[in-house]
Amino acid sequence: MACARVSCSPGLLAIIFNELERDHLVYPSLVCKCWNEVARDVIWRQVEEPLEVFSLIVPLEIVEGRRDFICTPSYLDWQRFQPIARRIRSLTLTLKCSSPDTDLSHLLHVLRLTCPHEYVLPRLEELTWYNPAEPRGHPELICLFLTRTLKSLRMSTPTGGPRYSVDSLFDDISGRCPNLESLCIEPIKNGTIVEAGLIRLLQQRPLRSIHLPIYFLTPRVLAASASCKQLRILDVCVNRSDQTHNWCHARGFPAILPINFAFGIIQTLNLAIPLVEFNSIIDRDPSHLQSIQNLSIRAVGMTRRDAIHQFCELMSKRCVCLQELLLVTNRPTRETRQSHWEKTPASEAITFETLRPLSQLDTLTYLEISHEHPMSVTDDEFLAIVTPLPRLQVLLMNDCPSNVTTRSSLTMECLPRLAQALPDLKELGLYLDISQRVPCRPSPHQFQSLDLFYPHHSSVKKGHEEDVALFITTLLPLGGRIADADAEDYPDRSYDVLLPQSPIAGVWRKIRGQVDLIMRGREWNAGFT
Numbered sequence: 001m002a003c004a005r006v007s008c009s010p011g012l013l014a015i016i017f018n019e020l021e022r023d024h025l026v027y028p029s030l031v032c033k034c035w036n037e038v039a040r041d042v043i044w045r046q047v048e049e050p051l052e053v054f055s056l057i058v059p060l061e062i063v064e065g066r067r068d069f070i071c072t073p074s075y076l077d078w079q080r081f082q083p084i085a086r087r088i089r090s091l092t093l094t095l096k097c098s099s100p101d102t103d104l105s106h107l108l109h110v111l112r113l114t115c116p117h118e119y120v121l122p123r124l125e126e127l128t129w130y131n132p133a134e135p136r137g138h139p140e141l142i143c144l145f146l147t148r149t150l151k152s153l154r155m156s157t158p159t160g161g162p163r164y165s166v167d168s169l170f171d172d173i174s175g176r177c178p179n180l181e182s183l184c185i186e187p188i189k190n191g192t193i194v195e196a197g198l199i200r201l202l203q204q205r206p207l208r209s210i211h212l213p214i215y216f217l218t219p220r221v222l223a224a225s226a227s228c229k230q231l232r233i234l235d236v237c238v239n240r241s242d243q244t245h246n247w248c249h250a251r252g253f254p255a256i257l258p259i260n261f262a263f264g265i266i267q268t269l270n271l272a273i274p275l276v277e278f279n280s281i282i283d284r285d286p287s288h289l290q291s292i293q294n295l296s297i298r299a300v301g302m303t304r305r306d307a308i309h310q311f312c313e314l315m316s317k318r319c320v321c322l323q324e325l326l327l328v329t330n331r332p333t334r335e336t337r338q339s340h341w342e343k344t345p346a347s348e349a350i351t352f353e354t355l356r357p358l359s360q361l362d363t364l365t366y367l368e369i370s371h372e373h374p375m376s377v378t379d380d381e382f383l384a385i386v387t388p389l390p391r392l393q394v395l396l397m398n399d400c401p402s403n404v405t406t407r408s409s410l411t412m413e414c415l416p417r418l419a420q421a422l423p424d425l426k427e428l429g430l431y432l433d434i435s436q437r438v439p440c441r442p443s444p445h446q447f448q449s450l451d452l453f454y455p456h457h458s459s460v461k462k463g464h465e466e467d468v469a470l471f472i473t474t475l476l477p478l479g480g481r482i483a484d485a486d487a488e489d490y491p492d493r494s495y496d497v498l499l500p501q502s503p504i505a506g507v508w509r510k511i512r513g514q515v516d517l518i519m520r521g522r523e524w525n526a527g528f529t
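For the sequence shown, the working numbering puts the final residue at 529, and the numbers step up evenly by one.
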C-alpha cells in the first residue's frame with residue numbers, strides 16, 4: 001500500500017520523470033491517469049520547438065514555401081489547446097525572416113488575431129525571444145507571450161521600428177510582467193542603445209538578475225539599478241561577431257551616480273568602467289561590495305599601473321567573500337572613429353607590488369588578469385602572490401598579452417612549486433620564457449587536478465620542443481592536457497578582446513601532440529595496473 005501511494009505521488013513522479021528523455025516519457029504516461037498527468041506536465045513544461053506547439057492548435061502545412069495553418073484556428077481549436085497551453089512554463093522562439101519555411105511571424109499574426117484568451121500561454125514563466133530581423137520581424141509580436149506569470153525574459157537586443165519603438169517594448173514588459181525577476185538582453189550585430197526604456201523598466205520592476213550587452217550598462221542604467229533592492233546579479237556579455245562597440249558610453253560614472261549609491265546585496269557584478277572611476281566609487285563607502293562573490297571588471301580606456309594597484313588594495317580590504325575575480329585591461333580588437341583607445345606604454349606593465357594585495361584574498365577560486373604587456377614579475381614574486389590562495393581552481397595570469405615583444409620574467413621553474421601549493425587547480429594560463437633555459441629533469445611535484453594548461457604565447461628554445469613536452473607531462477595528472485592553440489579555438493575569454501594567433505602556435509601544436517601521446521600512454525598503462 002505504501003508503494004502504491006509513493007508511486008502516485010505527483011512530486012516524486014515529477015522528480016523521476018525529469019530525469020528521463022522527453023521521447024521516453026510517452027511510456028510512463030500510459031500506466032495510469034496519475035502518471036499520465038504528471039508525464040504530460042513534464043513533456044510540455046519546456047518547449048524549444050514552437051512549431052510543435054502551434055501544430056496542436058491547427059495542423060500546419062507549407063504553402064508557397066511558407067508555413068501556414070491548414071485553416072484559421074476556431075474557438076473550439078483554442079479550447080482543445082488550453083490543457084497544453086497551461087502546462088508550458090518555458091518557451092524559446094526565434095524569428096527567421098530570411099527563410100520563409102522557418103519564419104514564425106505569419107503564424108504569430110494568426111495567433112494574435114484568433115486567440116480568444118488574454119494570453120496564448122497563460123502560465124509561462126521563462127521566455128527566450130530572438131528576433132534578429134527587427135523591424136521586419138515584427139517586434140510587437142512578443143506581447144503575445146508577456147504574461148503576468150513571466151519571471152525570466154531572454155531576448156536579443158531590440159531595435160524597434162516605426163510602428164513599435166524600443167521604448168514601447170520596455171513599457172509593455174513593465175506593464176504586462178509584474179513578476180519579472182530576470183532580464184537578459186543578448187547583443188546582436190548593429191544593436192541599439194536601449195538606455196531610456198531600460199531605465200524606466202528598472203525603476204518599475206524590482207529585478208533580481210540583469211544581463212546586458214557590454215557598454216549598455218551606462219552610468220544612468222547603473223544608477224537606476226539601485227531601485228532593484230533584491231538585485232543579486234548585474235552582468236554584461238559580448239557578441240563575438242560584432243566588435244564595433246562604442247565604449248564611450250561607459251564613462252563618467254562618479255559624476256552621475258548619487259553619493260549614497262550602493263551595490264546593495266549584489267553577489268555577481270560584471271561591469272565595463274574606467275578602473276579609476278570604479279576605484280573612486282568603491283572608495284566612497286566602506287560597505288561597498290561586502291556581499292560580492294564574483295567580480296569582473298572590463299577596464300575602459302588606457303589603464304595605468306597605480307590604478308590596478310589601488311584596485312587590488314580595495315579588493316583585499318572590502319571583498320571578504322570574493323570567490324572569482326577577473327580584470328581585463330587589454331585594448332579592444334576593433335575601434336571606431338568615435339572611440340579611440342590609447343595604447344598602454346610598456347612602462348605600465350604589471351609588477352609584483354601591483355598585485356601583492358591579492359595574496360590576502362584567500363577565498364578566491366578563480367583569478368584572471370589580462371594586460372597588454374607581459375607581467376614584470378619573477379618566479380619567486382609570482383609564487384608569493386598566488387601560493388597564499390590554496391583554493392584556486394582557475395589561474396589565468398596574463399597568459400596571452402597582446403604585445404609579446406617583451407620577454408616574460410616567469411620561467412618553467414615556478415611550475416613544480418605552484419603544483420605543490422595549489423592542489424585544487426584545474427586551469428592554468430601563464431606567459432613563460434622558455435627561450436633560454438629548459439628544465440633538464442622531471443618535475444618533483446605534480447598537479448593533482450589540472451585539466452587544461454594554456455602556455456601558447458610562451459617562447460620556446462629552438463630544438464628543445466621534446467624536452468618541454470617531457471617536462472610538462474611530469475607536471476600533468478592523468479586526464480590533463482594542453483589546450484588547443486588554434487586562433488578560433490583559443491580566443492581571449494573576456495569581453496571584446498580577440499587576440500591574434502600566437503606567432504609560435506605551430507611550435508605549441510607540435511608540443512601538444514607530443515604531450516597528448518605521452519599522456520595517452522600513461523592512461524593506457526594505468527588501465528592495466
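By construction, the Cβ of each residue, glycine as well, lies at the ideal position given by its N, Cα and C atoms.
Query	Result
Bridge-paired residues (DSSP) for Ile233	Ser209 and Thr268
Beta-carbon spacing of Pro178, Arg154 below 8 angstroms	no
Stretch pair the stretch 406-420 + the stretch 378-397: three plus CB contacts closer than 8 angstroms	yes
Residue span of the alpha helix (DSSP H) that contains Arg220, given as start and end	Pro219 to Ala224
Ser435 versus Ala223 - alpha carbon distance	50 angstroms
For Ile185: DSSP bridge partner residues	Met155
Collapsed DSSP secondary structure at Thr387 in the structure displayed	coil
Rounded straight-line distance, which links the Cα of Ala226 to that of Ala262	7 angstroms
Sub-8 angstroms separation of Val236 and Leu212 beta-carbons	yes
Given 8 angstroms, three or more beta-carbon pairs between the stretch 118-126 and the stretch 156-173	no
Ala469 classed as buried or exposed, judged by whether at least 16 other C-beta atoms fall within 10 angstroms	buried
CB-CB length for Ala419 against His445, believed under 8 angstroms	4 angstroms
Proximal residues to Thr72 (C-beta, below 8 angstroms), its chain only, five neighbours per side dropped	Val58, Val110 and Thr114
According to DSSP, residues forming a beta bridge with Asp68	Glu61
Of the residues Leu95, Val320, Trp341 and Asn260, the one placed nearest Glu48, counting alpha carbons only	Leu95
Outcome for Asn525 when other beta-carbon atoms lying within 10 angstroms are tallied against a minimum of 16	exposed
Member of Leu476, Phe471, Leu364 and Leu150 whose CA lies at the smallest distance from the CA of Arg441	Phe471
Beta-carbon gap between Thr378 and Ser409 smaller than 8 angstroms	yes
Cβ pair Thr530, Thr303 closer than 8 angstroms	The structure shown does not extend to residue 530, since the chain spans only 1 to 529, so no value can be given for it.
Burial state of Ser370, where buried means 16 or more other Cβ atoms lie within 10 Å	buried
Straight-line Cα distance separating Leu395 from Glu186	28 angstroms
Beta-carbon separation (whole angstroms), Ser291 vs Ile266, contact threshold 8 angstroms	7 angstroms
With 16 other Cβ atoms within 10 Å as the buried cut-off, status of Arg512	buried
Whether Phe253 touches Ile281 by CB criterion (8 angstroms)	yes
Top-ranked residue by Cα proximity to Ser152, from Glu134, Thr159 and Arg176	Arg176
Chain B contact for Asp379 (CB, 8 angstroms cutoff)	The chain labelled as chain B is not found in the depicted structure, where only one protein chain is given.
Beta carbon of Leu322 nearer than 8 angstroms to that of Leu269	no
8 angstroms Cβ cutoff met for Arg251 and Val194	no
Proximal residues to Leu144 (C-beta, below 7 angstroms), its chain only, five neighbours per side dropped	Leu108, Leu111, Arg112 and Val120
Tyr130 - partner residues in DSSP beta bridges	Thr94
Start-to-end residues for the beta strand (DSSP E) that takes in Arg561	In this structure the chain extends from 1 to 529, so residue 561 is not present and cannot be described.
Unbroken beta strand (DSSP E) run spanning Glu324, endpoints	Glu324 to Val328
Cα-Cα separation between Thr387 and Gly527, rounded to whole angstroms	33 angstroms
Close beta carbons around Leu425, own chain, < 7 angstroms, minus the five adjacent residues each side	Leu392, Gln393, Leu395, Phe447, Ser449 and Leu450
Presumed contact (8 angstroms Cβ cut-off) between Ser209 and Ser182, rounded CB distance	4 angstroms
Short Cβ contact (8 angstroms threshold) for Leu169 with Pro132	no
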